């Protein structure tokens, strides 16, 4: 079973990589341009990704939520769902590719993470855990996709892309708020306080404030589209730090997903 | 002059400035926290710059809301379609050609915006109250023990805050401690305490609190083993002392001590619940008391008397008395927390959720009225005529 999980993981990673390279090749060299084919290969990769999660769930007897490996596996899964949802049409071909590249980088990092199987510890047996991480994946997934669309906007300068960036960021902000709320309620049960100024909490709040500020700058101060796109790309740094940076560089974090 | 101050305090730009200040402050703290102990990070809210920015943001949020609320409420209570100039005309048309009028979706969208932004004021207020009242205390309770917990019994861990009141008195009976480790590691798969508080059933887990009233609650913070003992003297038929020593012999190897009531002796204990020896060093294979051994060190005042590794049930002779460690009992450390901002924060969370729900559910109810060839036409996909 363990071998099946590893195989399934590498097949999905390889297929994502293949569809991405094939997509870029198509786009830049205009040979045999076929979005549907690339979409189907990515879909196949997604199925293997899904199987990896199923095998992992059977092996560990819980939804993969412990440690960096499992978090990346699930986070990337939700990111691909968002990519499929927002970029299912051929006109979104380029943001599809850019977002997929970001997903491959994310999934690739799972190779370096410790895949040791751990049980669901007493502290993690909470309804709020699932609410908290579900919204975290959606929030960080939308911000990542928004960054991918922003890169596309800077290349293609299409107005419709700007609207999409706005929608993705707004969706991300809402889910980010829900993630922080659920986490805060869980933290009260677990640590006796809604807020402990843990590095992960601080960076999550920072990214929330930053994205909120960017949206207000866009709505109220009407900043330029290009500036908006740059700000969205730049803000992804805070998401990366919240998700990984704190885990890799700060060992003092109270956050349980640090166990990986 | 007052008007200018009011405009400044309720300014939206000030909100942006303060939010950026907060963001920069957090960046600074996040970098700083790389090198600082966690206790320093957790005491951030006590520092003056934080208090200043926070208080100013709280005042700013309040005045922003009071300034904008009347207008927001006005626009919410009306038709909720953007018809500033053509409102009368619409009424005319409604009464004339279109008998039933218009129906616009997302009627309460702007109410959602109000809720969402208003919630931040309650959130800030809740955190302020929490910050001014959050006080914790701790006490130990063993399996099977009945305890009357009052303020003298509780060991205050944190410095009482300005809004702190005494913790409530209550009677706790801990019937059962359920604990399960992950293999041989110091990681709990389960940790739960069950029993009765003031006659009512209760359960606390490592991630589940039990509320005592509106702003006091208890939770488990730690687990350990406590030994029971008998202290005997020669030619005396009954034990001179007996009972469970409320000390924490956990994790394995942790040293703790107790003093006898009748003698000046101090006895240090280290428990190895699943004992084995490796290169002369005492270790424990697991966390479970499968093969428990206790290392004791005895002092009279400051004079070292003896050190011995014993089994449970061994009678140890120490000068004029003997001591026997009979058994081990699971014991938990319970934290009692007072937090007066708790309910307000929870209310603000609900307000955020309500705001988001109203703001983002459904589609925007905007319509466009344009005069074409002398006839007014209405555009907008969410306008339904019926």
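Residue numbers (this note's numbering), protein chains in the order written: chain A, 2 to 261; chain B, 12 to 397.
We put the CB at the ideal spot given by N, CA and C, even for glycine.
Please read all numbers here as calculations on a predicted model, not as lab measurements.
Open item on the list: Considering only the alpha carbon of each residue, which of A:125, A:150, A:208 and A:181 lies closest to residue 195 of chain A?
Closed with: Taking residue 195 of chain A as reference, the option from A:125, A:150, A:208 and A:181 with the minimal CA-CA separation is A:181.
- [ ] Run the CB neighbour count on residue 317 of chain B, radius 10 Å, all protein chains shown included, and call it buried at 16 or more, exposed below.
- [x] It is exposed - the Cβ of residue 317 of chain B has fewer than 16 other Cβ atoms within 10 Å.
Task: Per-residue contacts from residue 137 of chain A into chain B (C-beta, under 9 Å) - done: Residue 137 of chain A does not reach chain B, its nearest Cβ partner there being about 16 Å away, counting only Cβ pairs nearer than 9 Å.
Task: 7 Å CB neighbourhood of residue 169 of chain B in its chain, flanking five on each side removed - done: Close CB contacts of residue 169 of chain B within its chain, under the 7 Å cut and outside five residues either way in sequence, are with 146 and 147 (chain order).
TODO: Using 10 angstroms around the beta-carbon of residue 26 of chain B, count the other beta-carbons present and answer buried if the total reaches 16, otherwise exposed.
DONE: Buried: at least 16 other Cβ atoms inside 10 Å.
Task: Stretch pair the region 201 to 213 of chain B + the region 321 to 328 of chain B: three plus CB contacts closer than 8 Å - done: No: the two stretches stay apart, fewer than three of their Cβ pairs being nearer than 8 Å.
Task: Per-residue DSSP class, three states only, for residue 341 of chain B - done: Under the three-state reduction of DSSP output, residue 341 of chain B falls in the strand class.
- [ ] Starting from the C-beta of residue 186 of chain A, find all residues in its chain whose C-beta is less than 8 Å away, skip the five residues before and the five after it, and write them out in chain order.
- [x] Apart from the 5 residues on each side of it in sequence, residue 186 of chain A sits with its Cβ closer than 8 Å to the Cβ of 129 and 195 in its chain, given in chain order.
- [ ] Just tell me which of B:135, B:206 and B:144 has its CA closest to the CA of residue 351 of chain B.
- [x] Comparing Cα positions, the closest option is B:144.
TODO: Give me whichever residues DSSP pairs with residue 144 of chain B in a beta bridge.
DONE: The beta-bridge partner set that DSSP reports for residue 144 of chain B is empty.
Task: Whole-number beta carbon distance between residue 256 of chain B and residue 237 of chain B, since they are thought to touch under 8 Å - done: Here residue 237 of chain B really is in contact with residue 256 of chain B; their C-beta atoms are around 6 Å apart, less than 8 Å.
Open item on the list: I'd like the span of the beta strand (DSSP E) that includes residue 235 of chain B, first residue to last.
Closed with: Run containing residue 235 of chain B: 227 to 244, per the beta strand (DSSP E) assignment.
Open item on the list: If you reduce the DSSP assignment to three classes, tell me which class residue 1 of chain A lands in.
Closed with: Residue coverage of chain A in this structure runs from 2 to 261, which leaves residue 1 of chain A outside it and unanswerable.
Task: Straight-line gap, residue 98 of chain A to residue 84 of chain A (C-alpha atoms, nearest Å) - done: Roughly 9 Å separates the two Cα atoms.
Task: Contact check, residue 222 of chain A vs residue 31 of chain B, beta carbons under 8 Å - done: No, the pair does not count as a contact, with Cβ atoms beyond the cut-off.
Open item on the list: Check this for me: beta carbons of residue 263 of chain A and residue 116 of chain A, under 8 Å apart or not?
Closed with: Absent from the structure is residue 263 of chain A, since the part of chain A shown begins at 2 and ends at 261.
Open item on the list: Between the region 3 to 20 of chain A and the region 45 to 53 of chain A, can you find at least three pairs of beta-carbon atoms closer than 8 Å?
Closed with: The way I'd put it, the region 45 to 53 of chain A does touch the region 3 to 20 of chain A; three or more beta-carbon pairs between them come closer than 8 Å.
Task: Chain-order list of residues whose beta-carbon lies under 7 Å from that of residue 331 of chain B (same chain, five-residue window excluded) - done: Within the same chain, residue 331 of chain B has close Cβ partners 244.
- [ ] Would you kindly report the start and end of the unbroken beta strand (DSSP E) that includes residue 63 of chain A?
- [x] Residue 63 of chain A -> no beta strand (DSSP E), and no H or E assigned at all.
Open item on the list: Whole angstroms are fine: how far does the CA of residue 43 of chain A sit from the CA of residue 6 of chain A?
Closed with: If you take the alpha carbons of residue 6 of chain A and residue 43 of chain A, they lie about 19 Å apart.
Task: residue 17 of chain A burial status per 10 Å Cβ neighbour count (16 or more: buried) - done: Counting the other Cβ atoms within 10 Å of the Cβ of residue 17 of chain A gives 16 or more, which makes it buried.
- [ ] Whole angstroms is fine: what's the gap from residue 306 of chain B's alpha carbon to residue 174 of chain A's?
- [x] The straight-line gap separating the alpha-carbon atoms of residue 306 of chain B and residue 174 of chain A is approximately 56 Å.
TODO: Rounded to whole angstroms, what's the CA-CA distance from residue 335 of chain B to residue 190 of chain B? Just pull it up for me.
DONE: Residue 335 of chain B and residue 190 of chain B: Cα-Cα distance of roughly 26 Å.
Open item on the list: For a contact defined as C-beta to C-beta under 9 Å, what are the partners of residue 79 of chain B on chain A?
Closed with: Chain A residues near residue 79 of chain B: none, gap ~13 Å exceeds 9 Å.
Task: Three-way DSSP call (helix, strand, coil) for residue 276 of chain B in this model - done: It is a strand residue.
Task: Residue-level contact to chain B via CB, residue 12 of chain A, 8 Å cutoff - done: It does not: the Cβ of residue 12 of chain A has no partner Cβ on chain B nearer than 8 Å.
- [ ] Would you mind reading off the limits of the beta strand (DSSP E) that contains residue 322 of chain B?
- [x] Residues 314 to 322.
Open item on the list: Just to confirm, is the Cβ distance from residue 100 of chain A to residue 88 of chain A under 8 Å?
Closed with: Against a cut-off of 8 Å, the Cβ pair of residue 88 of chain A and residue 100 of chain A comes out as a contact.
Open item on the list: Quick check: is the beta carbon of residue 355 of chain B nearer than 8 Å to any beta carbon in chain A?
Closed with: Closer than 8 Å: no.
Open item on the list: On the CB-based measure, 16 or more other CB atoms within 10 Å of its CB, does residue 182 of chain B come out buried or exposed?
Closed with: Residue environment for residue 182 of chain B: exposed (fewer than 16 other C-beta atoms within 10 angstroms of its C-beta).
Open item on the list: Quick check on residue 92 of chain A: buried or exposed, where buried means 16 or more other Cβ atoms within 10 Å of its Cβ?
Closed with: Label assigned to residue 92 of chain A: exposed.
- [ ] Check whether the region 160 to 170 of chain A touches the region 131 to 149 of chain A, taking contact to mean three or more Cβ pairs, one atom from each stretch, closer than 8 Å.
- [x] Yes, since at least three Cβ pairs between the region 160 to 170 of chain A and the region 131 to 149 of chain A fall closer than 8 Å, the two stretches touch.
Open item on the list: Under DSSP, the alpha helix (DSSP H) around residue 167 of chain A begins and ends at which residues?
Closed with: First-last of the alpha helix (DSSP H) with residue 167 of chain A: 160 to 192.
TODO: Take residue 192 of chain A as the anchor and find which of B:347, B:294 and B:19 has the nearest alpha-carbon.
DONE: Among B:347, B:294 and B:19, the Cα nearest to that of residue 192 of chain A is on B:347.
Task: Beta-carbon proximity check, residue 227 of chain B vs residue 178 of chain B, cutoff 8 Å - done: Judged by beta-carbon spacing, residue 178 of chain B lies within the 8 Å limit of residue 227 of chain B, meaning their Cβ atoms are closer than that value.
Open item on the list: Less than 8 Å between CB atoms is the rule here; does residue 33 of chain B satisfy it with respect to chain A?
Closed with: Yes, residue 33 of chain B lies at the interface with chain A (some Cβ there is under 8 Å from its Cβ).
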